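Peer 1: Handing you this structure, nothing more for now.
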DNA sequence: TCCGCCTGTCTCGGATGCGAGACACGGCGG
DNA sequence: CCGCCGTGTCTCGCATCCGAGACAGGCGGA
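Protein chains in written order, with the UniProt record's numbering: chain A, 1 to 252; chain B, 1 to 252.
This is the structure in structure tokens:
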């Protein structure tokens with residue numbers, strides 16, 4: 001049984017600050033987490049001393065500190081999947097000239113773990129570290145399509161598990177299954193306007209040595225400005241990248 | 001006086017794991033941090049439950065978890081400097097067709113906070129979140145060159161403060177001052193082979209509303225393959241990017 | 001100007017977190 | 001096969017951490 005409440009509280013503070021777009025007052029942190037105000041200050045001072053939190057004295061607010069950034073960067077450098085995937089993604093971007101990203105499945109969400117901008121494309125509004133519902137993204141659909149069906153059913157056990165975005169996305173397990181069946185037939189997943197209006201994505205899954213999806217890889221493009229022939233090339237490139245990554249992950 | 005030792009210990013565990021390239025056994029974590037073994041397990045279990053650490057059961061080792069990545073990503077999305085700098089860097093990469101990066105000064109080191117790859121260039125070996133001695137990097141030299149001289153002296157108070165890499169870099173305050181003087185005269189900083197053999201960098205500082213350096217911005221290129229005319233264009237682009245970022249930061 | 005509210009720091013006694021150590025299990029080498 | 005060593009989990013008594021609350025200072029509104 002874990003027995004270090006102060007440690008857990010410190011992590012809860014970090015995760016609360018991560019969820020807030022702006023720095024927070026200490027009293028709000030204490031209230032939101034149900035901590036004693038004096039304990040909150042103790043925790044914040046420990047976090048500040050280690051650099052995980054910084055105190056914006058003028059505003060009397062507390063925000064994440066640079067050590068949080070360094071910790072996340074260390075994870076990115078260490079994580080085998082990210083290390084292996086980076087060159088694959090770079091080649092995909094160079095080949096398609098569109099932005100590309102890599103996701104992993106976490107619960108019913110996908111987590112964006114790498115994003116790379118293509119030359120001349122908009123500066124990335126950093127989506128790395130962001131979670132989105134898997135069924136609303138091409139990369140997520142590609143992953144779900146190769147999951148065992150009972151696992152998909154377990155993930156989406158009730159209607160409450162379905163969320164929409166911009167009025168799009170499946171609203172039942174039957175609808176989701178139908179869509180996943182199309183993904184499998186087609187060999188790749190597509191998504192349009194669900195994440196960002198005006199943008200479409202083509203996604204495919206990368207499998208590990210057990211034949212299970214380790215990641216989803218996708219390219220995003222403005223669909224009104226990409227001709228069908230170019231789109232076919234994007235599809236081809238995405239599928240090749242997914243196959244390349246699968247091989248690197250020991251698949252088959 | 002901060003008073004939550006378990007919180008501090010949890011953070012120390014995270015920072016230890018961040019410094020290690022590979023996951024570690026619990027006993028090594030306990031030994032390295034001088035913690036009781038049983039307490040170490042408590043801490044690791046708290047960290048694991050929150051997702052900051054993952055346990056690799058097959059190997060009986062503990063490594064950073066995905067929540068560390070999410071925390072670092074949240075910082076990057078929130079940090080004003082990073083948000084403001086990203087489009088500037090993207091334009092610099094597109095214009096020069098070489099990899100570029102942004103650093104901030106931390107103590108005597110620079111911390112790499114953004115790196116962006118250019119099309120056709122090598123996949124980035126992620127240097128984001130890495131620290132290097134400021135005096136060995138073009139971006140760091142550019143920052144030091146516009147720091148008040150007494151601050152430079154305070155940073156490099158003794159000969160022990162000077163480190164070299166690949167046999168390069170200043171070894172005394174006098175040598176450093178001479179180099180900074182050249183940077184100021186030239187208007188930009190250059191570095192060659194100090195960080196990575198075969199690569200050179202051109203760097204310039206971005207100033208904030210107080211006229212102090214908020215960041216260093218640099219482009220890295222293989223110097224044997226870049227003609228003098230192209231190098232002049234790189235210099236021009238870096239200086240323009242630094243000036244653009246300075247304006248965005250409220251300078252002048 | 002005064003008062004109320006918020007921030008940050010500190011006190012101190014009792015509840016609880018910490019750590020020394022025990023136990024069970026698995027793997028490896030002699 | 002057996003013993004040793006390392007891993008992970010658990011116990012329990014005492015030292016110390018936690019939290020209720022006090023205090024000081026700053027700010028804004030009436």
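Glycine is no exception: its CB is placed at the ideal position from the N, C-alpha and C atoms.
The model shown is predicted, which means the values in this text are computed figures rather than measured ones.
Could you tell me the distance, in whole angstroms, from the CA atom of residue 162 of chain B to the CA atom of residue 189 of chain B?
Peer 2: Each residue's alpha carbon lies about 18 Å from the other.
Peer 1: Mapping the DSSP letters down to three states, classify residue 108 of chain A as helix, strand or coil.
Peer 2: Residue 108 of chain A: coil per DSSP, three-state reduction.
Peer 1: Please determine, among A:221, A:151, A:29 and A:81, the residue with the shortest C-alpha to C-alpha distance to residue 103 of chain A.
Peer 2: Ranking A:221, A:151, A:29 and A:81 by Cα distance to residue 103 of chain A puts A:81 first.
Peer 1: Hey, out of B:6, B:38, B:46 and B:65, whose CA is closest to residue 22 of chain B's CA?
Peer 2: Minimum Cα distance to residue 22 of chain B is reached at B:65.
Peer 1: So which of A:152, A:116 and A:94 has the shortest CA-CA distance to residue 234 of chain A?
Peer 2: The shortest C-alpha separation from residue 234 of chain A is found at A:94.
Peer 1: Let's see if you can read the secondary structure: which residues bound the beta strand (DSSP E) around residue 54 of chain B?
Peer 2: First-last of the beta strand (DSSP E) with residue 54 of chain B: 53 to 56.
Peer 1: Taking 7 Å as the CB-CB limit, is residue 7 of chain B close to chain A?
Peer 2: Output row for residue 7 of chain B: interface = yes.
Peer 1: Please confirm if residue 87 of chain B has its CB atom under 7 Å from at least one CB of chain A.
Peer 2: Yes - at least one Cβ of chain A is within 7 Å of the one on residue 87 of chain B.
Peer 1: What do you get for residue 8 of chain A, buried or exposed, if any count of 16 or more other CB atoms within 10 angstroms of its CB means buried?
Peer 2: By the neighbour-count rule (16 or more Cβ atoms within 10 Å), residue 8 of chain A is buried.
Peer 1: With H, G and I counted as helix, E and B as strand and the rest as coil, what does DSSP make of residue 167 of chain B?
Peer 2: Note: residue 167 of chain B maps to coil in three-state DSSP.
Peer 1: Near residue 153 of chain B, what residues of its chain come up, given a Cβ to Cβ distance below 8 Å and the 5 sequence neighbours on each side ignored?
Peer 2: If we look at residue 153 of chain B and ignore the five residues flanking it on each side, its Cβ neighbours are 173.
Peer 1: Measuring alpha carbon to alpha carbon, tell me which of B:192, B:117, B:232 and B:206 ends up nearest residue 249 of chain B.
Peer 2: Looking at the Cα atoms, B:206 is the closest of the given residues.
Peer 1: List the residues of chain A whose Cβ lies closer than 9 Å to the Cβ of residue 63 of chain B, in chain order.
Peer 2: Result: 75, 78 and 79.
Peer 1: Less than 8 Å between the CB atoms is what I'm expecting for residue 254 of chain B and residue 138 of chain B, so what's the real figure, rounded?
Peer 2: For residue 254 of chain B there is no data in the structure shown, the boundaries of chain B being 1 and 252.
Peer 1: Drop a sphere of 10 angstroms on the beta-carbon of residue 151 of chain A, count the other beta-carbons inside from all chains shown, and report buried for 16 or more, exposed for fewer.
Peer 2: Per the 10 Å Cβ criterion, exposed.
Peer 1: Thinking C-beta only, is residue 237 of chain B closer than 7 Å to residue 92 of chain B?
Peer 2: Yes; because the gap between Cβ atoms is below 7 Å, this pair is in contact.
Peer 1: Per DSSP, what kind of secondary structure is residue 14 of chain A in: helix, strand or coil?
Peer 2: Looking at residue 14 of chain A - three-state DSSP - the assignment turns out to be helix.
Peer 1: Kindly list the residues whose CB is nearer than 6 Å to the CB of residue 143 of chain B, restricted to its own chain and excluding five residues on each side of it in sequence; keep chain order.
Peer 2: The residues are 105, 205, 213 and 216.
Peer 1: Between the stretch 115 to 146 of chain B and chain A, which residues of the former have CB atoms less than 9 Å from a CB of the latter, in chain order?
Peer 2: Answer set for the stretch 115 to 146 of chain B: 116, 117, 118, 119, 120, 121, 122, 123, 124, 125, 126, 127, 128, 129, 130 and 131.
Peer 1: For residue 57 of chain B, return the contacting residues in chain A, with the cut-off set at a CB-CB distance below 9 Å.
Peer 2: Within 9 Å Cβ-Cβ: nothing; residue 57 of chain B doesn't reach chain A, min ~16 Å.
Peer 1: For the stretch 29 to 99 of chain A, which segments carrying the beta strand (DSSP E) assignment without a break, of at least 3 residues, lie completely within its bounds, in sequence order?
Peer 2: Within the stretch 29 to 99 of chain A, the complete beta strand (DSSP E) runs of at least 3 residues are 53 to 56 and 61 to 64.
Peer 1: Measuring only the C-alpha atoms, how far is residue 182 of chain B from residue 112 of chain B?
Peer 2: Computed Cα separation, rounded: 24 Å.
Peer 1: Three or more beta-carbon pairs under 8 Å between the stretch 65 to 75 of chain B and the stretch 218 to 228 of chain B, yes or no?
Peer 2: Verdict: no, contact absent.
Peer 1: Got a sec: is the Cβ-Cβ distance from residue 161 of chain A to anything in chain B below 7 Å?
Peer 2: No, its Cβ sits nowhere closer than 7 Å to a Cβ of chain B.
Peer 1: Would you list the one or two residues that DSSP bridges to residue 213 of chain A?
Peer 2: Looking at the DSSP assignment, residue 213 of chain A forms a beta bridge with A:207.
Peer 1: Along the chain, where does the beta strand (DSSP E) that runs through residue 197 of chain B open and close?
Peer 2: Here residue 197 of chain B belongs to no beta strand (DSSP E), and DSSP marks it neither H nor E.
Peer 1: With DSSP as the reference, label residue 149 of chain B as helix, strand or coil.
Peer 2: If DSSP states are grouped into helix, strand and coil, residue 149 of chain B belongs with the helices.
Peer 1: Considering only C-alpha positions, which residue in the set B:186, B:60 and B:47 is nearest to residue 10 of chain B?
Peer 2: Considering only alpha carbons, the answer is B:47.
Peer 1: So residue 18 of chain B and residue 17 of chain A are supposed to be a Cβ contact under 8 Å. How far apart are they, rounded?
Peer 2: Contact flag wrong, Cβ pair sits at about 18 Å.
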